[in-house]
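Q:
Protein chains: 2
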Amino acid sequence: MTSPLDALQSRLGHRFADADLLTAALTHRSVGTQNNERLEFLGDSLLNCIIAAELFHLRPNLPEGDLSRLRATLVRGTTLAQVAGELELSALLIMGPGELRSGGFQRESIQADAVEAVLGAVFLDAGFDACRKAVLQLFADRLGDLPEVASLKDPKTRLQEWLQRRGQPLPVYELVSSAGKSHDRTFTVCCTVASFDVVEEALGGSRKKAEQSAAQAVLEALESTSGEPRT
Amino acid sequence: MTSPLDALQSRLGHRFADADLLTAALTHRSVGTQNNERLEFLGDSLLNCIIAAELFHLRPNLPEGDLSRLRATLVRGTTLAQVAGELELSALLIMGPGELRSGGFQRESIQADAVEAVLGAVFLDAGFDACRKAVLQLFADRLGDLPEVASLKDPKTRLQEWLQRRGQPLPVYELVSSAGKSHDRTFTVCCTVASFDVVEEALGGSRKKAEQSAAQAVLEALESTSGEPRT
Chain P
1 MTSPLDALQS RLGHRFADAD LLTAALTHRS VGTQNNERLE FLGDSLLNCI IAAELFHLRP
61 NLPEGDLSRL RATLVRGTTL AQVAGELELS ALLIMGPGEL RSGGFQRESI QADAVEAVLG
121 AVFLDAGFDA CRKAVLQLFA DRLGDLPEVA SLKDPKTRLQ EWLQRRGQPL PVYELVSSAG
181 KSHDRTFTVC CTVASFDVVE EALGGSRKKA EQSAAQAVLE ALESTSGEPR T
Chain B
1001 MTSPLDALQS RLGHRFADAD LLTAALTHRS VGTQNNERLE FLGDSLLNCI IAAELFHLRP
1061 NLPEGDLSRL RATLVRGTTL AQVAGELELS ALLIMGPGEL RSGGFQRESI QADAVEAVLG
1121 AVFLDAGFDA CRKAVLQLFA DRLGDLPEVA SLKDPKTRLQ EWLQRRGQPL PVYELVSSAG
1181 KSHDRTFTVC CTVASFDVVE EALGGSRKKA EQSAAQAVLE ALESTSGEPR T
């Protein structure tokens, strides 16, 4: 019969010479000062670097900004929590009684941190190449099916590029109003694309967020009409 | 006679098998679409990871937050520009005529980016261990003389810890006023440490910056009197 830790090492594609490293990687800070936070710091940087190198090779013509956006989708908390699920990590997390009672082992951030810590532990146990092998195994499907770069850009950037491709002037953003106290403000922003006669307003918790929402609304309006510029 | 590129490779401790990689790493985006930005993306992540691993070993008892602060001082633009100076990189940068004319080769950010790109190129040329060796050689003095962690914390954190060590309540920050238009505002914040009878006001371009400045002023007041709490 295989133990749960054996099964984890199989799924990870790495068998630890020093099993204490794996235990440390699974130990949440709620247990005490001996926990996985230092390993998480290390694993985070390794994951970033290994995914960067892989994307660099997989997408030889992609500019740096697009590589960076692609990487962000692969290393963000939601994705790492999915990886934790595939590794069936949550049942193996070692937590203090408080966190256990409040269901901390189900928290996305705790699972994501543990994945990074496990990768840090693989690096300490067997070096960069072993860590790289584990990352490529865990991310094989995602690296084989990368999202379209265009879909990753924020609405303001997409709107700007949409207009530039058509030789049209840039949109104009204006603050219509802001309401509420300084620590809890709501901003209303208006985005105007005069050449297509489109004006949309949107709200947001910051001016920047409101601008992004307004740009998204304008994009949807432009794409639904797919019209020609007003002459 | 050694060429400038030979001298650079000596200072770097790495001789390129593929010299085109080094040329690419020195080519600023002002030259055209074939430039060093992708290599910079790669090198940045390698530098972060190699420094992280080194600090992990050098400071076995430091919590993750402190490791992260230490790393930030080593990989920030100012430090990398110093490294570029030690490598005498600026004379070797390949730039477009516009950037050349405006003295771009002297710009700190361009030099820092080129250092990262060169490290990315070493990785592609010879792998992780060669890149690590170059990083450790370039950062040997800095890694051997790391700053005190306490000095790296921001003033609000330092003030909070100073009060906690003395069992005193946390400081209170209040927004006194804000002036100017929404994109160019000045905030005035007041920081009060009632238990020591200290109140300081400070200005800043954001509420957060004003709070940090006010905390710094309070810290200086507290440390200059090194007094006991008001009872």
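Chains P and B supply the protein sequences, listed in that same order. According to this note's numbering, the first sequence is numbered sequentially starting from 1. According to this note's numbering, the second sequence is numbered sequentially starting from 1001. No residue lacks a Cβ here, since even glycine has one placed at the ideal position from N, Cα and C. Everything numeric in this text was worked out from a predicted model, so none of it was measured.
Comparing alpha-carbon positions, which option in B:A1024, B:V1075, B:D1197 lies nearest B:L1170?
A: B:D1197
Q: Below 8 Å on the Cβ atoms is my contact criterion, and I expect P:E54 with P:L138 to pass it. Report the Cβ-Cβ distance as a whole number of Å.
A: P:E54 to P:L138, Cβ: 12 Å. No contact.
Q: With DSSP as the reference, label P:F187 as helix, strand or coil.
A: strand
Q: Which of the three DSSP states is assigned to P:E148 in this structure?
A: coil
Q: What residues from the segment 1025-1039 of chain B come within 7 Å of chain C, judged by C-beta to C-beta, listed N to C?
A: The structure shown contains no chain C; its protein chains are P and B.
Q: Helix, strand or coil for B:S1178 per DSSP?
A: strand
Q: Output the boundary residues of the beta strand (DSSP E) element that contains B:G1077.
A: Where B:G1077 is concerned, there is no enclosing beta strand (DSSP E), although the alpha helix (DSSP H) it sits in stretches over 1077-1086.
Q: Would you kindly report the start and end of the unbroken alpha helix (DSSP H) that includes P:L124?
A: 108-126
Q: Are the C-beta atoms of P:C190 and some chain B residue less than 8 Å apart?
A: no
Q: How far does the alpha helix (DSSP H) with P:V218 in it reach, from first residue to last?
A: 207-225
Q: Can you give me the C-alpha to C-alpha distance between P:V199 and P:V193, rounded to a whole angstrom?
A: 6 Å
Q: Examine the Cβ distances between the segment 1065-1082 of chain B and the segment 1110-1121 of chain B and report whether three or more of them are shorter than 8 Å.
A: yes
Q: On a Cα-Cα basis, can you pick out the residue from B:V1122, B:G1144, B:L1008 that is closest to B:L1070?
A: B:G1144
Q: Alpha carbon to alpha carbon, what distance is there between B:S1010 and P:G13?
A: 39 Å
Q: Considering P:L203, what are the terminal residues of the beta strand (DSSP E) in which it resides?
A: 198-204
Q: For chain B, check one thing: does any of its Cβ atoms lie closer than 8 Å to the Cβ of P:R107?
A: no
Q: Run the CB neighbour count on P:S102, radius 10 Å, all protein chains shown included, and call it buried at 16 or more, exposed below.
A: exposed
Q: Applying the 10 Å Cβ sphere with the 16-neighbour rule, what's the burial state of B:T1033?
A: exposed
Q: What does B:E1064 reach in chain P if we use C-beta pairs closer than 7 Å?
A: What B:E1064 touches in chain P: E37, R38, E40, F41.
Q: Which chain B residues sit within Cβ distance under 7 Å of P:L222?
A: Within 7 Å Cβ-Cβ: nothing; P:L222 doesn't reach chain B, min ~26 Å.
Q: Leaving aside the five residues before and after B:R1029 along the sequence, list all residues of the same chain whose C-beta is less than 6 Å from its C-beta, in chain order.
A: N1035, E1037
Q: With a cut-off of 8 Å, do at least 3 Cβ pairs link the segment 1118-1135 of chain B to the segment 1038-1048 of chain B?
A: Output reads yes: the segment 1038-1048 of chain B touches the segment 1118-1135 of chain B.
Q: Answer yes or no: do B:R1158 and B:L1067 have a C-beta to C-beta separation smaller than 8 Å?
A: no
Q: Quick one: measure Cβ to Cβ for B:K1153 and B:A1215, integer angstroms, because I've assumed they're closer than 8 Å.
A: Contact flag wrong, Cβ pair sits at about 11 Å.
Q: Alpha carbon to alpha carbon, how far is B:G1180 from P:R207? Give it in angstroms, no decimals.
A: 16 Å
Q: The segment 66-85 of chain P: which residues have C-beta closer than 9 Å to a C-beta of chain B, in chain order?
A: L67, S68, R71
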